[in-house]
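Enquirer: Encoded as structure tokens, here's the structure I'll be asking about.
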Amino acid sequence: MQVKPSLKDKIKDAQDKDPYLQKMKTKVQEGKNDQFVIQNDGTLLNGKRMCVPNVEELKTEIMHEAHHAPYAMHPGSTKMYRDLRPYYWWPTMKKDVAEFVAKCLTCQQVKAEHQAPAGKLHPLSIPEWKWEKITMDFVIGLPRTFRKHDAVWVICDRLTKSAHFLPIRQNDSLDKLAELYVLEIVRLHGIPTSIVSDRDPRFTSHFWGSLHKALGTKLHFSTVFHPQTDGQSERTIQTFEDMMRACVIEFRGNWDDHLPLIEFAYNNSFHSSIGMAPYEALYGRKCRSPICWDIEGLRQLEGPELVQETVDKIQTVKQCLKAAQDRQKSYVDKHRREMEYEVGKKVFLRVSPWRGILRFGKKGKLSPRYIGPYEILERVGPLAYRLALPVELSQIHDVFHVSMLRRYRSDPSHILRNRK
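Note that the UniProt record's numbering gives residue 299 to position 299 of the sequence shown, counting from 1, and the numbers run on in steps of one.
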């Protein structure tokens, strides 16, 4: 027995009452329109896309399912439109989806406004294959759940953009994190050749470095307090947090109960930088969900054809990533200028981006935006500098991105003031 989705039956029945679609059917039957197709059961398609009648309740039901369902997790208008586009068509679909998302109360409460990143952009090299080079980061400070989870470990593949969201406890030992890493990442994807991470103590500890060295992994660190250097995981975390907030608002309960569906929703939704969903880049095609099924059924692929299709997908992903990087770099560099400092000179250090500036002994809106000045000890790469920090800042990593620095202009009164 084959069970058809009830939504498809509703659309088919409503097509018979839509004057415009009935007109299209007549033209197809008369051979005057080759864009539309009539299936054996009488359903009208635009290519392979099901034609949705001009019935507001029906269009709203489709968009509501694609946006509010637990497996969707409130995608943005572009993601949602690209997810629905292969399966449905109506004349004003793109505009309707944009208006639907814009009016969503949950999205208005949780979605961040994206702005161009600061500083000159130096994109990371594009990986050659899936899960070869990855990024890692932590989302901490979450409400403690029944299972005592209060953080999420975000691990992303830099090529396919696929990600795993692993619930953890902030006080988990390094041994436990290492076991989880082997269980959830090595088990599924093997050992990566490169990792980009922030300067979290978990990554900088001797044990963590020794573990990855033994595994043959090169651990690359982003410069401290400059998450744009690790833009992959930072952008993924922002999307994840949006989904998490929407999930908690709509479905209540412990957030870790919804984590598997949040991970599915993220990986199965269109990703603009690769031109497809992460699952499509990883597996060769998207995973099926209640809102997205293949009308004609899954096509059987022979072994060589399947391999070639997978290889072609990866080539497409690489081309899309290169194009996205070029666009991002062109846009960012157009609005930024190069800034270089000489070793031995002094600079101020910006503290305003940090929420935890208590560690600098400064807090509140009236605190200084910059502290210092501190001497530049050396240049680290094209955009970072190592500073001579005082003893009270010994717990802070001493390498900073150029955007965190401001040139210090010396004056004799500075010395006199310090003496007082």
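Each residue gets a CB set at the ideal place from its N, CA and C atoms; glycine is no exception.
Per DSSP, which residues does W89 bridge with? Please list them.
Expert: DSSP, once it has assigned bridges, lists C51 as partnering W89.
Enquirer: Which term fits A246, buried or exposed, when burial requires 16 or more other beta carbons within 10 angstroms of its beta carbon?
Expert: By the neighbour-count rule (16 or more Cβ atoms within 10 Å), A246 is buried.
Enquirer: Does DSSP put Y279 in a helix, in a strand, or in coil?
Expert: Note: Y279 maps to helix in three-state DSSP.
Enquirer: For E342, collect the residues of the same chain with a Cβ closer than 8 Å to its Cβ; drop the 5 residues on either side in sequence, then sort them by chain order.
Expert: Answer for E342: I376, listed in chain order.
Enquirer: By Cβ distance below 7 Å, which residues in the same chain neighbour E184 in space, the five residues on each side in sequence not counted?
Expert: Cβ within range, chain order: H164, L166.
Enquirer: Could you tell me if W129 is buried or exposed, where buried requires 16 or more neighbouring beta carbons within 10 angstroms of its beta carbon?
Expert: It is exposed - the Cβ of W129 has fewer than 16 other Cβ atoms within 10 Å.
Enquirer: Taking contact to mean at least 3 C-beta pairs separated by less than 8 Å, is the stretch 92-103 in contact with the stretch 58-77?
Expert: The stretch 92-103 is in contact with the stretch 58-77.
Enquirer: What does the alpha-carbon distance come out to for the pair L349 and Y408?
Expert: Straight-line Cα distance between these residues: approximately 10 Å.
Enquirer: Under three-state DSSP, which class holds N46?
Expert: Correct three-state label for N46: strand.
Enquirer: My assumption, with CB atoms under 8 Å, is that K161 sits in contact with H74. Please give the rounded CB distance.
Expert: Wrong, their Cβ atoms sit about 18 Å apart, outside the cutoff.
Enquirer: Is DSSP giving A69 helix, strand or coil here?
Expert: In this structure, A69 counts as coil in the three-state DSSP scheme.
Enquirer: By the 10 Å Cβ neighbour count, where 16 or more other Cβ atoms means buried, how is S6 classified, buried or exposed?
Expert: Exposed, because fewer than 16 other Cβ atoms sit within 10 Å of the Cβ of S6.
Enquirer: Quick check: the Cα distance between I191 and S269, rounded to an integer number of angstroms?
Expert: Computed Cα separation, rounded: 26 Å.
Enquirer: Note down, in chain order, each residue of its chain lying with its Cβ closer than 7 Å to the Cβ of Y88, except the 5 sequence neighbours on either side.
Expert: Excluding sequence neighbours, Y88 sits near R49, M50, V52, I62.
Enquirer: Give the range of the alpha helix (DSSP H) segment to which V28 is assigned.
Expert: That run of the alpha helix (DSSP H) goes 19-29.
Enquirer: Scan the stretch 381-407 and note each continuous beta strand (DSSP E) run of 3 residues or more that stays entirely inside, going in chain order.
Expert: 384-387, 399-401, 405-407, all fully within the stretch 381-407.
Enquirer: When every heavy atom of the ligand GTP is checked, does at least one fall within less than 7 Å of the C-beta of D16?
Expert: No copy of the ligand GTP occurs in the structure displayed, which carries no ligand at all.
Enquirer: What are the start and end residues of the alpha helix (DSSP H) that includes D83?
Expert: 77-84 is the extent of the alpha helix (DSSP H) around D83.
Enquirer: Consult DSSP for H271 and reduce its assignment to one of helix, strand or coil.
Expert: H271: strand per DSSP, three-state reduction.
Enquirer: Should L45 and K25 be called a contact, given that it needs their Cβ atoms to be closer than 8 Å?
Expert: Not closer than 8 Å, so no.
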